[in-house]
Amino acid sequence: MTTPRTTGNRWTGRATATTLVAIAALYTLMPLIWLLFGVTKTLPELYASNGFSPSAGFHVLGNIADLFRQDDGIFARWILNTAVYALGGAAAATLLSVAAGYAFDKFDFRGKGKWYALVIAGVLVPNTAIVVPLYLLMSNFQLTDTMWSVLIPVMVNPFGVYLARAYSSGAIPGELLEAARLDGAGELRTFFQVGLRLMAPGALTIFLIQFIGIWNNFFLPLVMITDNDLFTLGQGLFTWNSAVGQNPDYTRMVVVGSAVATLPLLALFIPLQRRWRAGMAEGSLK
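For the record, in the sequence shown the residue sitting at position 127 is 127 according to the UniProt record's numbering, with numbers rising by one throughout.
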């Protein structure tokens with residue numbers, strides 16, 4: 001039987017949880033809100049006005065036009081470079097992760113446990129800790145200052161392998177694979193026509209995680225790339241921000257460029273967030 005005190009405690013708990021979530025959401029969104037207001041302002045307004053108030057003139061279109069004209073339109077090149085790194089790296093990492101997770105789950109081979117332990121150990125190593133060794137490796141193969149120096153490292157995702165194995169164990173019945181083999185399908189055909197299709201929600205989750213990680217990656221390209229034409233958005237905006245002393249208008253370009261750089265992530269994440277959450281939830285349960 002529910003007593004008034006129990007009901008009151010329940011509502012108090014819900015109110016406290018809601019308040020904490022609201023505070024966390026506000027704290028998370030404040031930089032984005034500031035950025036959206038900053039896009040509407042001129043350079044003097046960025047310094048003189050309240051950061052959380054829009055400009056009276058609303059200079060969004062003019063600011064964006066100036067952004068893509070700045071330095072002979074190099075910003076468009078940086079967007080293209082970042083898209084190549086993110087799309088190519090995420091697609092390759094997803095396919096390799098799903099294939100590796102499927103193999104760890106469905107096949108028995110010598111040293112399987114040790115190899116999988118090595119993959120899990122890779123999850124625990126921060127990406128920044130291996131950037132310098134990767135640079136030395138790429139330098140030995142004369143790949144620094146090329147797109148490959150960024151693409152090759154991001155094609156490996158230990159967490160993606162872990163997630164793919166967890167998803168494969170529940171999403172792909174062994175009986176279905178046996179039936180495909182009895183019908184004469186080879187292992188590769190079985191994987192691509194049966195396993196990969198059933199693992200699609202998990203693969204989408206891995207792709208989104210890797211895409212966002214590569215899109216926001218700053219340290220790896222900073223170490224690998226010195227050619228301005230191969231810069232990512234993060235590198236390019238960092239370069240502009242470092243040159244504010246020579247050209248104060250770079251401050252406005254950095255603000256507007258940072259806002260534009262978030263649009264592809266929002267365009268990708270918002271329509272697919274339900275499938276992402278579903279893939280994460282199913283992977284955690286399986």
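Virtual Cβ for every residue (Gly too), placed ideally from N, Cα, C.
What does the Cβ neighbour count give for residue i, buried or exposed, with the cut at 16 atoms within 10 Å?
{"i": "residue 37", "result": "buried"}
{"i": "residue 342", "result": "Beyond the ends of the chain as shown, which are 1 and 286, falls residue 342; an answer cannot be given."}
{"i": "residue 246", "result": "exposed"}
{"i": "residue 127", "result": "exposed"}
{"i": "residue 15", "result": "exposed"}
{"i": "residue 242", "result": "exposed"}
{"i": "residue 154", "result": "buried"}
{"i": "residue 256", "result": "buried"}
{"i": "residue 105", "result": "buried"}
{"i": "residue 53", "result": "exposed"}
{"i": "residue 142", "result": "exposed"}
{"i": "residue 79", "result": "buried"}
{"i": "residue 168", "result": "buried"}
{"i": "residue 217", "result": "buried"}
{"i": "residue 260", "result": "buried"}
{"i": "residue 12", "result": "exposed"}
{"i": "residue 21", "result": "exposed"}
{"i": "residue 234", "result": "buried"}
Since residue i and residue j are thought to touch, with beta carbons under 8 Å apart, how far apart are those beta carbons, to the nearest angstrom?
{"i": "residue 251", "j": "residue 32", "result": "About 18 Å; that fails the 8 Å criterion."}
{"i": "residue 82", "j": "residue 210", "result": "Actually they do not touch by this definition, with Cβ atoms about 14 Å apart."}
{"i": "residue 165", "j": "residue 88", "result": "At roughly 24 Å, the Cβ-Cβ gap does not stay under 8 Å, so residue 165 and residue 88 are not in contact."}
{"i": "residue 131", "j": "residue 219", "result": "6 Å"}
{"i": "residue 75", "j": "residue 67", "result": "6 Å"}
{"i": "residue 229", "j": "residue 77", "result": "6 Å"}
{"i": "residue 158", "j": "residue 122", "result": "3 Å"}
{"i": "residue 35", "j": "residue 258", "result": "6 Å"}
{"i": "residue 214", "j": "residue 90", "result": "6 Å"}
{"i": "residue 119", "j": "residue 161", "result": "5 Å"}
{"i": "residue 99", "j": "residue 191", "result": "7 Å"}
{"i": "residue 239", "j": "residue 221", "result": "Actually they are not in contact, since the Cβ atoms of residue 239 and residue 221 sit about 12 Å apart, beyond 8 Å."}
{"i": "residue 146", "j": "residue 135", "result": "Not confirmed; about 13 Å, so no contact."}
{"i": "residue 194", "j": "residue 177", "result": "6 Å"}
Please list the terminal residues of the continuous alpha helix (DSSP H) segment that includes residue i.
{"i": "residue 242", "result": "233–242"}
{"i": "residue 58", "result": "Residue 58 -> no alpha helix (DSSP H), and no H or E assigned at all."}
{"i": "residue 209", "result": "200–215"}
{"i": "residue 223", "result": "219–224"}
{"i": "residue 169", "result": "158–171"}
{"i": "residue 230", "result": "Neither: residue 230 is in no alpha helix (DSSP H) and is coded neither H nor E."}
{"i": "residue 174", "result": "174–182"}
{"i": "residue 44", "result": "43–48"}
{"i": "residue 40", "result": "It is not in any alpha helix (DSSP H) - residue 40 carries neither H nor E in the DSSP assignment."}
For residue i, is the beta carbon positioned less than 8 Å from some heavy atom of the ligand SAH?
{"i": "residue 96", "result": "Although the ligand SAH was asked about, the structure shown includes no ligands whatsoever."}
| field | beta strand (DSSP E) runs wholly inside the segment 66–150, at least 3 long, in chain order | value | Within the segment 66–150, no beta strand (DSSP E) run of at least 3 residues lies entirely inside it.
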